[in-house]
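Q:
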Amino acid sequence: MLILTRKSGESINIGSDIVVRVLEIKGNQARIGIEAPRSIAVHREEVYQQVQRENELAARRSPESLGNVRQLWMAKKKPPSPESAAGSAKE
Amino acid sequence: MKFRTSRFGEIEIPDASVLFLKEGILGFPGEKRYVLLDHDAEGTPFKWLQAVDNPALAFVVIDPTEIVSDYCFPVEDDVAEQLQSTSPEDYIPMVICNIPRDDPAKMTANLRGPVIVNIKNRNGRQIILKDEVYAFDHCVFAGVEREE
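Protein chains in written order, with the numbering used here: chain Z, 1 to 91; chain A, 1001 to 1148.
Pasting the structure below:
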């Protein structure tokens, strides 16, 4: 890993079209400004990793069949019972 | 086109139904061709996003508006450009479900990282929403319960 020391307001160029600028440093927090072409996705690392983790978990857990899931969905999709709807309407 | 899957055996699908995810699903950069299947899903909005080139890789997906009826998100210009779409109506959105094997009722859906496909050319991509309104692990069945 390339390690550079930068002061507030100083920048790093990556290739010809990406600029990373240290905007402000306060205690252990740094505000970073990034200029990059729109085609390059910029995300906080933990957000990116979380989506990747969710995907990997989903793939690993992926069931052999949707039988159980279908039952759950059908049960939850049932409309509320007519008695309870009528009861609240009378009041 | 015929291909093999670990869950559904050998499958034959029209060539024109293959979806192309140039960057794959995050964490699975090698698989770029997928198809949507509805095995065992009759009467529900669930589908399988099955990899064409990896028999064992299949995600359970759902149209996010089935979970959150007003689900919406901005499509950035670079994504629209990559998918060559000209209108918001070009997109089919889907979100990946995470289903605990021992308790499927605790299923969650990743509303923060939807997969979108341009139905006109079948190019797709998983995107990460910058806005934090939607969760990585939204409870699917709790959401259904809240509906009227």
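In this text, a Cβ means the ideal position worked out from N, Cα and C, and glycines have one as well.
Taking the alpha-carbon positions, what's the Ala1142(A) to Met1107(A) distance?
A: Stepping through the second sequence from its first residue, residue 1142(A) is reached at position 142. Stepping through the second sequence from its first residue, residue 1107(A) is reached at position 107. The straight-line gap from Cα to Cα measures roughly 9 Å.
Q: Can you tell me whether Ser1085(A) is buried or exposed, with buried defined as 16 or more other CB within 10 angstroms of its CB?
A: The residue you call residue 1085(A) lines up with position 85 of the second sequence. So Ser1085(A) counts as buried.
Q: Can you list, in chain order, the residues of its chain with a C-beta nearer than 8 Å to that of Ile34(Z)? Leave out the 5 residues immediately preceding and following it.
A: Residue numbering aside, residue 34(Z) sits at position 34 when the first sequence is read from its first letter. The answer, listed in chain order, is Ile18, Val19, Val20, Arg21 and Val42.
Q: Can you tell me where the beta strand (DSSP E) with Leu1026(A) in it begins and where it stops?
A: As a working note, residue 1026(A) is residue 26 in the second sequence. Taken as a continuous stretch (DSSP letters only), Leu1026(A) belongs to no beta strand (DSSP E), as it is neither H nor E.
Q: Closer than 7 Å by beta-carbon distance: list the chain A residues that pair up with Ser8(Z), in chain order.
A: As a working note, residue 8(Z) is residue 8 in the first sequence. What Ser8(Z) touches in chain A: nothing, since even the nearest Cβ is about 25 Å away.
Q: Going by the beta-carbon positions, is the gap between Val69(Z) and Ile1127(A) smaller than 8 Å?
A: Position 69 of the first sequence, counted from the first residue, corresponds to residue 69(Z). Position 127 of the second sequence, counted from the first residue, corresponds to residue 1127(A). For Val69(Z) and Ile1127(A), no; Cβs fall outside 8 Å.
Q: Find the residues of chain Z that neighbour Arg1004(A), judging by a C-beta separation of less than 8 Å, and give them in chain order.
A: The sequence position of residue 1004(A) within the second sequence is 4, counting from 1. Correct list: empty, because the minimum Cβ distance to chain Z is about 15 Å.
Q: Note the first and the last residue of the continuous beta strand (DSSP E) segment covering Lys76(Z).
A: Position 76 of the first sequence holds residue 76(Z). Segment Gly67 to Lys77 is the alpha helix (DSSP H) holding Lys76(Z); no beta strand (DSSP E) there.
Q: Using a Cβ-Cβ distance cut-off of 8 Å, determine whether Thr1086(A) contacts chain Z.
A: Against the second sequence, residue 1086(A) aligns to sequence position 86. Output row for Thr1086(A): interface = no.
Q: Apart from the five residues just before and just after Val1061(A), which ones in its own chain have a Cβ nearer than 8 Å to its Cβ?
A: As a first step, residue 1061(A) is located in the second sequence; it is residue number 61 there, counting from the start. Cβ neighbours of Val1061(A) beyond the five flanking positions: Leu1036, Phe1046, Lys1047, Trp1048, Leu1049, Met1094, Val1095, Ile1096, Cys1097 and Val1115.
Q: Under 8 Å, Cβ to Cβ, is there at least one residue of chain A near Val19(Z)?
A: Translated into the one-based positions of the first sequence, residue 19(Z) becomes position 19. Val19(Z) does not count as touching chain A.
Q: Looking at Ala59(Z) and Phe1059(A), is the spacing between their C-beta atoms short of 8 Å?
A: The residue you call residue 1059(A) lines up with position 59 of the second sequence. The residue you call residue 59(Z) lines up with position 59 of the first sequence. A contact, by the Cβ cut-off of 8 Å.
Q: Does DSSP put Ala30(Z) in a helix, in a strand, or in coil?
A: Within the first sequence, residue 30(Z) is the residue found at index 30, counting from 1. Strand, per DSSP.
Q: For my contact list, Arg1122(A) and Leu1019(A) are in at a C-beta cut-off of 8 Å; report their separation, rounded to the angstrom.
A: Looking up residue 1122(A) in the second sequence gives position 122. Looking up residue 1019(A) in the second sequence gives position 19. Contact flag correct, Cβ pair sits at about 5 Å.
Q: Where does Glu91(Z) land, buried or exposed, given buried means 16+ other C-beta within 10 angstroms?
A: Translated into the one-based positions of the first sequence, residue 91(Z) becomes position 91. For Glu91(Z), the predicted structure reports a pLDDT of 40, less than 50, and the residue's modelled location is therefore unreliable. The matter cannot be settled from this model.
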